[in-house]
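Residues -21 to -1, 1 to 443 (mature numbering (1 follows the signal peptide of the UniProt record, and there is no 0)) make up the sequence shown, in order.
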Amino acid sequence: MKHYHFKCLFAAILAIPAAFAISSCEKTGNDKPDEKPSDAKELYVIAAQVDGVSYLVTSETMDGGEITTRNTGTEVIGGTYWIYKDMNYVFSLAYNDGGNGTGASYYLNAQGHPEEKYIYEFNRITTYGIWGDNVITASTGDSNITDEEGNIAQALLFNYLDANDGSQRESSTNAENYLGNGEKVTFAGFVEANGKLYTSVVPMGMSKYGIGQWPDKVTDQELVTTQDGGQGSGSYTAGVIPSTQFPDSAFVAIYSGDSFDDTPVIARTGKIGFASGRMRSQYYQTIWAADNGDLYVFSPGYGRTAVSTSDLKKVTGTLPSGVVRIKAGETAFDPSYYVNLEEIGTGHPIFRCWHITEDYFLLQLYKDGAQGMINDGRNANTNELAIFNGEDKSIIPVTGMPDDLAGFGGEPYSEGGNIYIAVTVTGGGKPAFYKIDAKTGQASKGLAVEADAIRRAGKLKVQQ
């Protein structure tokens, strides 16, 4: 296990593009002489983007008005993901198209302005979360283990970014045969609840290494590729099984310690397919804890998109978009709980979802239904929202969104029984947050931002 401590940006990191470079180890903040410090003890901190440059800007409300990044925003390292930690820090983490990740943490200084705290460089990211004092990231990549033929075993690669002192460390564990079915896996989302850490485990087929080590785990030899193919994140080489043989199962790993070095309990269900949203190589979190600690596990039903061709045979799933749960304190799925999400509401499968309050969840849906998800893949229309109530097993549509809705920003922000989601519109209008009431589904326009896009919002305390 490697350990790092980044107080400065060393020469190796100065290869980051100039827009991200820092000229010294000490940050004095971005305060401007004409800025009036806020008297508020807590402020909303919004991540926005203008002309490809990322900024943090503050507001005392999310419910209306307008703010701008002009002469007020703090220029920051551009982030693919923004993680708010304990109202003390916001982390900007950049995906960097599959390369090593870069990022930084920011806090509100005594004047109420965002200021850089620590800078990080780490393994590539496909999912992320919080565990104790750390922001954690995970991805699947090459290990240092090879077989006699030189085939490289895949590993789960973890980063622990300490929010308090800026230290970081990394670790890894075997991704091959993680579930005992011979397949390599990745993780999708992390939930800290009930004194444990939960993560969705997504099986991804068998590598050359896996097939060589566990040939008996190949369920059908015709699934093994005979030539290279695919493109982008879906590319593959000859001699592998590029997609899972088990599309109609969901797995959740439950860790009771404080490290991925520990052995988790694996919960499995055959009521839904794997629990994860997908966009290229990114795996979006679809597992969330209700306020009472019950873990709700949502599946879009992506197994149905694995369609065989003349050159490539796949195992096609049949299960629709659905939700199951693990009761607080339990380590197995609740056998009495299952909801077919395509039999209620509009009947559309989910793309992503988030917890709001109590047992209410915001669902982002494939507006064109399951067939649109299967046919269109990453280009499918996902501009429909709904509210799901876990105990009632009910869905209500979200109403009040703008007629010229173009899409949504990053992760929404929940507070006071409402959830705020960043909305972009067609025709060049300013992006704005829309406030959605969890129990009625009614949306209303809130804070607008003079920017090209809004990434996320959260609340931070002013640190004296």
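Using N, Cα and C, we set each Cβ at its ideal position, and we do this for glycine too.
Here the structure is a predicted model, which is why all the values come from computation and not from measurement.
| field | C-beta contact flag for G425 and F412 at 7 Å | value | By the CB criterion at 7 Å, G425 and F412 fall inside the cutoff.
| Extent of the continuous alpha helix (DSSP H) run through K187 | K187 to Q192
| said: So, at 7 Å on beta carbons, what are the nonlocal neighbours of V244 in its own chain, with the 5 sequence-adjacent residues on each side left out? | reply: I233 and T310
| Alpha carbon to alpha carbon, how far is residue 445 from D144? | As shown, the chain starts at -21 and ends at 443. That puts residue 445 outside it, with no answer to give.
| Would you call A89 buried or exposed, if buried means 16 or more other Cβ atoms sit within 10 Å of its Cβ? | exposed
| task | Mind reading off the beta-carbon distance from I62 to Y97? Whole number of angstroms is fine, and I expect it under 8 Å. | result | Contact flag wrong, Cβ pair sits at about 13 Å.
| request: Can you grab the Cα-Cα spacing for the pair Y86 / F70, in whole Å? | output: 9 Å
| task | Kindly give me the distance between the Cβ atoms of D313 and I305, rounded to whole angstroms, as I take these residues to be in contact under 8 Å. | result | 7 Å
| request: In angstroms with no decimal places, state the Cα-to-Cα distance between L135 and D241. | output: 13 Å
| field | Per-residue DSSP class, three states only, for Y345 | value | coil
| So, A330 versus G256, is the Cβ gap smaller than 7 Å? | What sits at residue 330 in the sequence shown is Phe, not Ala. Yes, these two residues count as a Cβ contact at 7 Å.
| 8 Å contact criterion, which V428 and A19 should meet: CB distance rounded | Going by Cβ atoms, the distance from V428 to A19 rounds to 18 Å, so no, they are not a contact pair.
| query | Is it true that the CB of L22 sits closer than 7 Å to the CB of G91? | reply | yes
| DSSP state of K196 mapped onto helix, strand, coil | helix
| said: To the nearest angstrom, how far is the alpha carbon of T288 from that of D227? | reply: 20 Å
| query | By the 10 Å Cβ neighbour count, where 16 or more other Cβ atoms means buried, how is A385 classified, buried or exposed? | reply | exposed
| Near S222, what residues of its chain come up, given a Cβ to Cβ distance below 8 Å and the 5 sequence neighbours on each side ignored? | M183, G184, A285, K293 and V294
| query | Using a Cβ-Cβ cut-off of 6 Å (strictly less than) and excluding sequence neighbours within five positions of T216, which residues of its own chain qualify? | reply | D207
| Does DSSP put I353 in a helix, a strand or coil? | helix
| request: Examine the Cβ distances between the segment 337 to 344 and the segment 361 to 378 and report whether three or more of them are shorter than 8 Å. | output: yes
| By how many angstroms is the C-alpha of T59 removed from the C-alpha of Y74? | If I take the Cα positions, the gap works out to 6 Å.
| query | Can you name, in chain order, every residue of its own chain whose Cβ lies under 6 Å from the Cβ of I433, other than the five neighbours on each side? | reply | A27, G388, A401 and P410
| message | I'd like the span of the beta strand (DSSP E) that includes Q133, first residue to last. | response | Note, Q133: beta strand (DSSP E), I131 to D141.
| request: State the Cα-Cα distance for the pair P93 and V441, rounded to the nearest angstrom. | output: 9 Å
| field | With 16 other Cβ atoms within 10 Å as the buried cut-off, status of G282 | value | buried
| field | Inter-stretch contact at 8 Å, needing at least 3 Cβ pairs: the segment 189 to 209 / the segment 263 to 276 | value | With a cut-off of 8 Å, the segment 263 to 276 and the segment 189 to 209 do not count as touching, because too few Cβ pairs lie within range.
| query | Out of curiosity, what's the CA-to-CA distance linking P381 and G174? | reply | 41 Å
| In terms of residue numbering, what span does the beta strand (DSSP E) encompassing L426 cover? | A422 to E429
| query | For G213, does the three-state DSSP call read helix, strand or coil? | reply | helix
| field | Straight-line Cα distance separating Q200 from R435 | value | 46 Å
| request: Please list the segments of the beta strand (DSSP E) lying wholly inside the segment 10 to 71, counting only runs of 3 or more residues, in order along the chain. | output: 21 to 29, 32 to 38, 45 to 47, 53 to 55 and 60 to 64
| task | Rounded to whole angstroms, what's the CA-CA distance from L35 to T51? Just pull it up for me. | result | 9 Å
| field | Collapsed DSSP secondary structure at T405 in the structure displayed | value | helix
| request: Pick out whichever of H334, Q421 and D431 has its Cα sitting closest to the Cα of E394. | output: H334
| request: Quickly, what does DSSP pair residue 447 with across the bridge? List them, please. | output: No information on residue 447 is available, as it lies outside the stretch -21 to 443 that the chain covers here.
| query | In whole angstroms, what separates the C-alpha of G437 from that of D383? | reply | 26 Å
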